[in-house]
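Numbering (the working numbering), first residue to last: 599 to 1133.
Where a beta carbon is used, it is the ideal one built from N, C-alpha and C, also for glycine.
Owing to the predicted nature of the structure, the values given are computational and were not obtained by experimental measurement.
The next block holds one structure in the form of structure tokens; read it before the comments.
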Amino acid sequence: MERNSNSSPNGESSYRPNSIRRILCVFPRYAPSFGTFQYAYALIPRVNAFMPPQGLLVIAAYLPPEWEVRFVDENMHSAQAADYQWADVVFMSGMHVQRADIEAINRAAHRYDKLTVLGGASVSGCAEYYPEVDIVHVGELGDATDELIKYIDRHTQRPAKQLRFATVQRLALDQFPVPAYHLLDMSRYFLGSIQFSSGCPYQCEFCDIPELYGRRPRYKSPQQIEAELDTLVAAGVPGAIYFVDDNFIGNRKAARILLPHLVEWQRSRGYPVEFACEATLNIAQQSDILEMMRAANFTTVFCGVETPEPEALGAMRKEHNLRQPILDAVQMLNRYGLEVVAGIILGLDTDTDRTADNILAFIEQSHIPMLTINMLYALPRTPLYRRLERAGRLEQDLARVSNVRFKMPYEDVVQMWNRCISEAYDPDKLFRRFAYQAEMTFPNRLRPPRKATPAQVLFGLRILARVLWQEGRRADYRRVFWQHVGPLLRSGRIEDVIHIALVSHHLIRFSREAVQGNGEACFYADPNEVRQAAV
Ligand code: SF4
């Protein structure tokens, strides 16, 4: 259910509080993973976090303007004693993978006897994970948020037992305020982030998006997106902005309405950023959308390929990946200048001794440089979770990487994962795939004429200097680095060199750490329930 809210024209709550409150928003740390680029940060001056946390920034913007808000992203630095002492209430949000840090922040706030509130994806999916939090906010921004604000206006003492505010009527997305980007230093993020839509019409067995956010995607107006983009750029966002929508074409009609606005926004502002998004692979059949994405300077699309094995896609209810051969779809996206990033899942019921070979062959044939290769994890509020629960196949063993009792022996799945990431991110193989992209994909991009400011040129040179020192001089794979990146450098393709170098540096370092048991094998997993694979 959706409503046209109690929000003011600026999108914040129209409720006028009686008390002045100080709200400390704390966003928890991410565990290192393929998709968070931790190892690339050291190569970019000032950068030390992944993306601005959309959800908590929206809540911060929605709070009554009379209230003071302070924001700490723990991916940059931890909240300090002075922050907790200052606050009346501590707000947190996050995904399951951030659970351990959410709990740590909650304990820290309680040491100062502060009221704690937790919202976001993890608590909305499984509020039972958080018995120690004072108030849980379940669901999206909506009537529960209004009730929560009224409650905080009246109370700041910790309740005797946990309170629960659950959204029944969501705030329409076109009523959302511009996230409070001004509360954070955008120049310290690897990527900017923006949300256009919420929800997905599909029902992949392992995914909690349809149950959490609905099957009828809701979306913002193009004017909202333009205003948010202007705010992001003014706040110093880095050169790329990621649409965090779970499926950018969940509502194709809405995407078709938005894209001409993005094209015009870029053109009229001199193409200040590149865009990236997540979308289902059947986007490859929407040539008009792809043409507009190219014109709007989209350069990367994340697609949940999941597996190259057709019977596995059928079993997980991802038939929409079967509408055309996956390799053809990837090539089609490349023709529009889009580098594909693919999600792959291991540990499916359909996996066999041949699955790792099939995945590695797919990686080779598709030339996709970056793949997030994760082990299956059963998230609460998914058909998969319920099926495995009924079958008695949910594990609570803390020594395991996943909570799923696989059909294959656990050790075999872990070994398969180790083999896939070791071979996929062997430097020579990775740079060969990037060389293919440099030849077959990147030249298809718009490449708009851009007038770089002296500061931007200097910034690029500083990154280049770090890249050449770390990868061209110090890395044990420097020979393959020069073999594949040298020609691009000599032909002046500096942006391509920097992109390839940053991503490859992260992937090679992360995969090596992960094989040693220091990485996250299930990005969506709850770190309290899983420990590293060390087989
Ligand atoms: S995995 Fe992607 S396509 Fe499938 S339901 Fe989730 S968001 Fe939709």
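**OP:** With DSSP as the reference, label C875 as helix, strand or coil.
**Re:** strand
Original post:
Using DSSP with H/G/I as helix, E/B as strand and the rest coil, what is A1053?
Top reply: helix
Original post:
Grouping DSSP H, G and I as helix and E and B as strand, with all else coil, what is R620?
Top reply: Here R620 sits in strand by DSSP.
**OP:** Spatial neighbours of D926 within its chain, please: CB distance less than 8 angstroms, with the 5 preceding and 5 following residues excluded, ordered by chain position.
**Re:** A882
Subject >> Proximal residues to F900 (C-beta, below 6 angstroms), its chain only, five neighbours per side dropped >> reply: Contacts found: E876, V939.
Original post:
Are the beta-carbon atoms belonging to Y983 and R998 less than 8 angstroms from one another?
Top reply: The answer is no: Cβ separation not under 8 angstroms.
**OP:** For M690, name the three-state secondary structure that DSSP assigns.
**Re:** strand
Original post:
Looking at the structure shown, is Y1008 part of a helix, part of a strand, or coil, going by DSSP?
Top reply: Of the three classes helix, strand and coil, the one that applies to Y1008 here is helix, per DSSP.
Original post:
How many Å lie between R705 and F689 at the Cα?
Top reply: 13 angstroms
Original post:
If you drop the 5 nearest sequence neighbours on each side, which residues of the same chain put their C-beta closer than 6 angstroms to that of L716?
Top reply: The residues are M690, Y728, V731, V734.
Original post:
How would you write the range of the beta strand (DSSP E) that T634 sits in, first residue to last?
Top reply: Following the DSSP letters along the chain, one finds T634 in no beta strand (DSSP E), marked with neither H nor E.
Subject >> Contacting residues, own chain, Cβ-Cβ under 8 angstroms from I855 (five flanking each side not counted) >> reply: P820
Original post:
When we look at the beta-carbon of R697 and count the other beta-carbons within 10 Å, is it buried (16 or more) or exposed?
Top reply: buried
Original post:
Do you know offhand how far L739's Cα is from S796's?
Top reply: 12 angstroms
Original post:
For the ligand SF4, is there a heavy atom less than 7 angstroms away from the beta-carbon of N845?
Top reply: yes
Original post:
Are there 16 or more other CB atoms within 10 angstroms of the CB of M890, so buried, or fewer, so exposed?
Top reply: buried
**OP:** Give a yes or no on whether 8 angstroms exceeds the smallest Cβ distance from D732 to chain B.
**Re:** No chain B appears in this structure, which consists of one protein chain only.
Original post:
Just checking my contact of Y613 with I750 at CB under 8 angstroms: how many whole Å lie between their CB atoms?
Top reply: With 8 angstroms as the limit, Y613 and I750 do not qualify as a contact, their Cβ atoms being about 11 angstroms apart.
Original post:
Taking 7 angstroms as the cut-off, does the CB of G723 come closer than this to any heavy atom belonging to the ligand SF4?
Top reply: No, the ligand SF4 has no heavy atom inside 7 angstroms of this Cβ.
**OP:** Go ahead and label N616 buried or exposed: buried means 16 or more other beta carbons lie within 10 angstroms of its beta carbon, across all protein chains shown.
**Re:** exposed
Original post:
Of the choices L888, I839, A680, whose alpha-carbon is the least far from that of I847?
Top reply: L888
Subject >> Environment of P757 [buried if 16+ CB atoms lie within 10 Å] >> reply: exposed
**OP:** Compute the minimum distance between the beta carbon of C1018 and the heavy atoms of the ligand SF4, and state whether it is under 7 angstroms.
**Re:** no
Subject >> Own chain partners of I1019 with C-beta closer than 7 angstroms, once the 5 adjacent residues on each side are dropped >> reply: I971, S1109, A1112, V1113
**OP:** My understanding is that G941 touches S1000, with C-beta atoms under 8 angstroms, so please give their C-beta distance in whole angstroms.
**Re:** At roughly 15 angstroms, the Cβ-Cβ gap does not stay under 8 angstroms, so G941 and S1000 are not in contact.
Subject >> Minimum C-alpha distance to A1022 - residue among T1051, K1049, N956 >> reply: N956
Original post:
Just how far apart, CA to CA, sit Q864 and L654?
Top reply: 27 angstroms
Original post:
If you compare alpha carbons, which of D995, R892, H1097, R1031 is closest to S964?
Top reply: R1031
**OP:** May I ask which residues mark the beginning and end of the alpha helix (DSSP H) holding S791?
**Re:** Bounds of any alpha helix (DSSP H) do not take in S791; it lies within the beta strand (DSSP E) bounded by 790-792.
Original post:
Does the Cβ of P808 lie closer than 7 angstroms to at least one heavy atom of the ligand SF4?
Top reply: yes
Original post:
Quick one: what's got a C-beta closer than 6 angstroms to C724's C-beta in the same chain, skipping five residues either side?
Top reply: P978
**OP:** Rank E745, T754, R619 by C-alpha distance to the C-alpha of V766 and give the top, closest one.
**Re:** Checking every option, the nearest Cα to that of V766 belongs to E745.
Subject >> Under the three-state DSSP convention, the category V734 falls into >> reply: strand
Original post:
Pick from R786, A1063, P1041, Q1013: whose alpha carbon is nearest that of G1115?
Top reply: Q1013
Original post:
When we look at the beta-carbon of L1059 and count the other beta-carbons within 10 Å, is it buried (16 or more) or exposed?
Top reply: exposed
Original post:
According to DSSP, is L977 helix, strand or coil?
Top reply: DSSP places L977 in coil when its eight states are reduced to three.
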